[in-house]
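If you're matching them up, the sequences are chains A, B, C and D in order.
For the first sequence, position 57 (counting from the first letter as 1) is numbered 108 according to our numbering, and the numbering increases by one without interruption.
For the second sequence, position 211 (counting from the first letter as 1) is numbered 262 according to our numbering, and the numbering increases by one without interruption.
For the third sequence, position 106 (counting from the first letter as 1) is numbered 157 according to our numbering, and the numbering increases by one without interruption.
For the fourth sequence, position 90 (counting from the first letter as 1) is numbered 141 according to our numbering, and the numbering increases by one without interruption.
Backbone N, C-alpha and C fix where the C-beta goes; we use that ideal spot for every residue, glycine too.
4 protein chains.
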Amino acid sequence: MIKAGIIGSTGYAGAELARILLRHPEAEVVWYGSRSYVDESYAKIYGNMFQLVEDSCLDDNLLELSRQADVIFTATPQGFLAGALTEEILGNAKVIDLSADYRIKDVGVYEEWYKIKHKSPQFIGEAVYGLCEVNREKIKGARLIANPGCYTTCSILTAYPLVKEGLIDANTLIVDAKSGVSGAGRGAKLPNLYCEVNENIKAYGVTTHRHTPEIEEQLGYAAGEAVTISFTPHLTPMNRGILATEYASLKKVRQPDGSYAFPDGAQVKAVYDAYYGKETFVRVLGEGAYPETKWVEGSNFVDIGFQIDARTGRIVMMGAVDNLVKGAAGQAVQNMNLLFGFPEQEGLETAPMFP
Amino acid sequence: MIKAGIIGSTGYAGAELARILLRHPEAEVVWYGSRSYVDESYAKIYGNMFQLVEDSCLDDNLLELSRQADVIFTATPQGFLAGALTEEILGNAKVIDLSADYRIKDVGVYEEWYKIKHKSPQFIGEAVYGLCEVNREKIKGARLIANPGCYTTCSILTAYPLVKEGLIDANTLIVDAKSGVSGAGRGAKLPNLYCEVNENIKAYGVTTHRHTPEIEEQLGYAAGEAVTISFTPHLTPMNRGILATEYASLKKVRQPDGSYAFPDGAQVKAVYDAYYGKETFVRVLGEGAYPETKWVEGSNFVDIGFQIDARTGRIVMMGAVDNLVKGAAGQAVQNMNLLFGFPEQEGLETAPMFP
Amino acid sequence: MIKAGIIGSTGYAGAELARILLRHPEAEVVWYGSRSYVDESYAKIYGNMFQLVEDSCLDDNLLELSRQADVIFTATPQGFLAGALTEEILGNAKVIDLSADYRIKDVGVYEEWYKIKHKSPQFIGEAVYGLCEVNREKIKGARLIANPGCYTTCSILTAYPLVKEGLIDANTLIVDAKSGVSGAGRGAKLPNLYCEVNENIKAYGVTTHRHTPEIEEQLGYAAGEAVTISFTPHLTPMNRGILATEYASLKKVRQPDGSYAFPDGAQVKAVYDAYYGKETFVRVLGEGAYPETKWVEGSNFVDIGFQIDARTGRIVMMGAVDNLVKGAAGQAVQNMNLLFGFPEQEGLETAPMFP
Amino acid sequence: MIKAGIIGSTGYAGAELARILLRHPEAEVVWYGSRSYVDESYAKIYGNMFQLVEDSCLDDNLLELSRQADVIFTATPQGFLAGALTEEILGNAKVIDLSADYRIKDVGVYEEWYKIKHKSPQFIGEAVYGLCEVNREKIKGARLIANPGCYTTCSILTAYPLVKEGLIDANTLIVDAKSGVSGAGRGAKLPNLYCEVNENIKAYGVTTHRHTPEIEEQLGYAAGEAVTISFTPHLTPMNRGILATEYASLKKVRQPDGSYAFPDGAQVKAVYDAYYGKETFVRVLGEGAYPETKWVEGSNFVDIGFQIDARTGRIVMMGAVDNLVKGAAGQAVQNMNLLFGFPEQEGLETAPMFP
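See the structure below:
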């Protein structure tokens, strides 16, 4: 049984971490950190935890926590961990960061998109981007995990095999993503009020959303070259879920007879299966099947479907995740499992809840 | 590992049973019965089960099923089980009925409220009303469990201790209940369409809802006399959850000094605690705390709060459940656990999901 | 064409006033008051008003406004108008107050429930409670209108004729009310965030909600004696709408043959029709018909239905309104129409929007 | 006062027509046609119309209706009007068809996408595509109006000026559209049940949705050449509203100094303003402003915003409509106004409802 601490445990992602870890057979939470609620009963803040969590919230003293815990999760605002992380902390405990501080290798790109100065660029190099299906082996030996963003997890995994195998032109990629409101966090802000969001859909952060360079970096590794994409997030009236609808131009690929032609559905499916056929948490629905966010709610699954459009020479890929699970806390636990040698699906086996 | 069969596995309650049993360490589902979908892939009908359930649906041949299974769950329309149950079936397997067929001991009352002829009244006597917190010991030895209704589970448990201990006059009880839409089932009916239900609240079945006599019977046992109540269900725009707001006149009770007075909050709380203090699945929030359906979503909990109103001499009790879990499938599994000697909370430990 | 000013025009009720008055043929808004948004473009704050309202927000200088306007609407926090109203203002312009400052005749009751000192009790006497269907003639000559609360409008109108005619015992009245979230206002508070409210229902303010004494006072006038009731509001996941489910014990009334008996459905219906048959904005659905909030959305209607319960000797009355229209801004405009001799339905004829 | 008939008056679009026409000062509905509800009270089917509409439903006898009405609206399934329309009917009354039967000029394209044989292709030629902002003058003299689809109205108007003026390459256009559930109609189908749609988002009809060729045809006229686009609709958990997010590659345009360069925001805005500056129902929000469906709910507005992405050389255009108003019934009434010489905005001036 390892000991885990959560800094930022009273945001929605932190609370989902607390919820998942509560039933994890190999980990126990010893530190519910929350700057806003120090000394307040956790179960008063999250009524679902009544009689399940007896703890009160602690502060965000990372060093002290690192002495008490084997693993630290930081579900904190951008810049917090970068400003607090030290070699000593990393020497004491593994750190899984749910913020973006160590996701982007080029610190200049980070600072440009996030509009903040990075305070500990020296750790960027060793941080492993915790997209388990892509970086599994690297994760196992890491001290510092940069847990991927919600939109990015969904967007990257949906396109990754086709970019990697050269079936699509990554520079034509357009990701139109729709997210539930929990992605906006638990801050008391007018735009997130029920009456502002309910019965409403809108785009936001058009051309400027910070998950854009993260997707570009990872798909760039797959493509073997720099990639520029369009990414548009939308706020959708539901609690949880992200659906990414992704458009790209197909590339002609070498056929068995030596000629070059656009791939057909079976070929695309075969590529997806080659990458994800053995993955527990990626479910390839196949051609003509469209994922729905509700089918993955509460689970760590990514569901992927696609449709080839012969008229336009494009493919439409669709991916769905629960933004708080595979898009945040679930993937963080999956990373923890890899770091400590637990079965990868430990604590994450809940079937999606429907309805 | 016992073998379980579900008749009516493609309704919402049946699907929740399938979902819970999927992760139950002591049971496996060997029969997904569904008259409407025989031979169809279960995971096509419920996309959340993709790659988790490989089975196709079978028919509703109870006798055959009883030979293959240790326990049968019937999540079927009223009258189905009453028309199909036999001594042979009960000899082969335990039966947990999620319909109302064996809940009401007086067959005349059943036939009056349900407007159907009961076809096997001979089994009513031995059926045990599966409200675990009240009938735990009786359940353990039963062959046939009448799993309580969703509204009734919530309504009864919320008032039960106060009726039993004589703190309230049960004949003044008014239960105003609000339910999510999943309680209406998965039938394709116009009133359950999204646009008819969304942004809308209405009462239905006023003075005639079939859960009324079920509540009256059970609270009558607690009161030691026949009880007549008012019960009004409402359809609320949410998937899951029941909130029962219950009003009753307080009765004067003997005080430590020998006088008689209305109970105060502490006395009421003490009564609740005496009944539920050791219960895993009943959480007494106490006076001035109001349960919210979201705090129990996806879990087998009943949350109970109350408020005394000195001005009117009434008490307002409030109870919240997830109608598909404690109100149906979860309680059915809890009954199964009791029947087979498993830990009562086995398979039911998921913390409520929020948000 | 009269000139109108709105103080508090950027709350939801104020915005609904602005929306209704925009299409009112006899009134124009000359003052969009908003302490929080002085000098900001109104259409930036409410995007629906883009290109419809060109004004920027002004402050809350009531005296100055009273010199420019014929009528002032105050959609302001409790205590604001009581602290600002003067004889001079009332001499300049009619005032329709959407807050509770002048609704309750007994200043002690006001101060007890609202926990604030009333700063201008000298105006309470002349203020007319603007429930148009009850106080129509008094309203016409008034200077100061106390526009009823949202819950109270619905709760009172639903029970009023039966209390007035002695068909029910008002002291047995229990009002279980369910409201959409817009009733909580546009303040950026955590409990009103989308993810906190969505897929959730809860009671609040149990036994202490401030609309209680307002209902009691008005039904007391109808009963001819002081009345004490139970009132419980609930927060429901929808933008608009209030449904009040009201329970009361029937009283025996004199029958044509001279005997006394409980009224039947036809008798109850006849009483409702006698009071509301000629009312434009009250629609009596009758026995066995249950109002739905969606059927009145966006309109000034109150829909009323009922069901007699012979088993318990009670009647269940149900009323539905749009809390922002008949429950606030619509009724305020109805009052304005009465004050200025316009047709009562002017500007309020929009049919309810469905779905 | 003209007389109007509605065939298909009990679908959501038909009901919205009934609602708008109820308050139209120049038109009255004399025929509520509904094959499913003949002889049933209209107000029983749509409770919002209680005491507002006294009529019962009639059948779909177009010829008889054409003798009684000046204008006929057909809100009917694909193929109905094509199978029923005659020269005699068109001689008697104007016909505004909300189905797709006469929208597409090439009958082969119609039959390919709709998978039905067109039964009266002889009327296709004279039918005018009723997109008022584009075809205003042609509409005025027409007998037969093909009222545009909901997705198409939004998608076309959002891109039209930029295609027409050559600022974007229409063949790169990708339309990712999100619709409320009312677009799916009032049929009692499982996928439209509350619990299936709520808390869920999914794509459907990917690459095959029938609105695709309609968009292509109209934008083809603007481009002056055949156009092929990608169109993906999504089902979003809300009653009303369509948001179209549209992506296209910018084209270099001649600048004042004679050089060629990508247009900047001001140039794009100027083009939009040139086309829509005088339009009542199109509101150009401008660069960096993102439309929200809630801001147009219940109104006939189209709100348009955009963002240029210098990194990718693309523009993101966004348009929002209420699918039942500008996307169906409102635009149909706008067409009626044009046909009969009424002010174009008559009956359509309701400000959007918020929240």
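How would you write the range of the alpha helix (DSSP H) that residue i sits in, first residue to last?
i         : result
Val-322/B : 316-327
Ser-274/C : Residue identity differs from the one stated: residue 274/C is Ala in this sequence, not Ser. Run containing Ala-274/C: 262-274, per the alpha helix (DSSP H) assignment.
Pro-288/B : Unbroken run through Pro-288/B: none, as it is neither H nor E.
Arg-70/D  : 63-73
Leu-132/D : 131-135
Ile-96/A  : 93-96
Just list the residues that DSSP pairs residue i with in beta bridges.
i         : result
Thr-283/B : Asp-227/B
Gly-84/D  : Ile-58/D and Leu-109/D
Val-304/D : Ala-312/D
Ile-219/D : Leu-301/D
Val-214/A : Answer is none; Val-214/A lacks a bridge partner.
Glu-343/C : Lys-253/B
Which first and last residues belong to the beta strand (DSSP E) in which residue i is found?
i         : result
Phe-357/C : 353-360
Ser-300/B : 293-300
Ser-336/C : A small fix is needed here, since residue 336/C is Leu in this sequence, not Ser. That run of the beta strand (DSSP E) goes 333-338.
Leu-195/C : 195-197
Ile-147/D : 145-148
Kindly indicate which three-state DSSP category residue i falls into: helix, strand or coil?
i         : result
Phe-405/D : coil
Phe-174/C : helix
Thr-125/A : strand
Arg-187/D : helix
Ala-254/B : strand
Glu-79/B  : strand
Leu-244/A : strand
Ile-155/C : coil
Ile-53/D  : strand
Glu-330/C : coil
Tyr-161/D : helix
Glu-115/D : helix
Val-179/B : strand
Ser-350/D : coil
Near residue i, what residues of its chain come up, given a Cβ to Cβ distance below 6 Å and the 5 sequence neighbours on each side ignored?
i         : result
Ile-167/D : Gly-130
Thr-344/C : Gly-292, Leu-294 and Ala-371
Ala-66/B  : Tyr-97
Glu-297/C : Thr-209, Ala-210, Val-226 and Met-368
Cβ of residue i versus every heavy atom of the ligand PLP: is any distance shorter than 6 Å?
i        : result
Gly-59/D : Absence of the ligand PLP from the depicted structure is noted, as is the absence of any ligand whatsoever, leaving it without description.
Given residue i, which residues of its chain have a CB within under 7 Å of its CB, disregarding the five upstream and five downstream residues?
i         : result
Met-404/C : Glu-348 and Gly-349
Glu-397/C : His-75, Pro-76, Glu-77 and Asn-388
Thr-401/A : Gly-349 and Ser-350
Ala-383/A : Leu-68, Phe-124, Ile-147, Leu-149 and Asn-198
Output needed for residue i: all residues of its chain with C-beta closer than 8 Å, excluding positions within five of it in sequence on either side, in chain order.
i         : result
Glu-162/D : Lys-168 and His-169
Ala-277/D : Glu-267 and Gly-271
- Task: Would you mind listing the beta strand (DSSP E) stretches within the segment 360-396 of chain A that are 3+ residues and don't spill past its ends, in chain order?
- Result: Runs of the beta strand (DSSP E) inside the segment 360-396 of chain A: 365-372.
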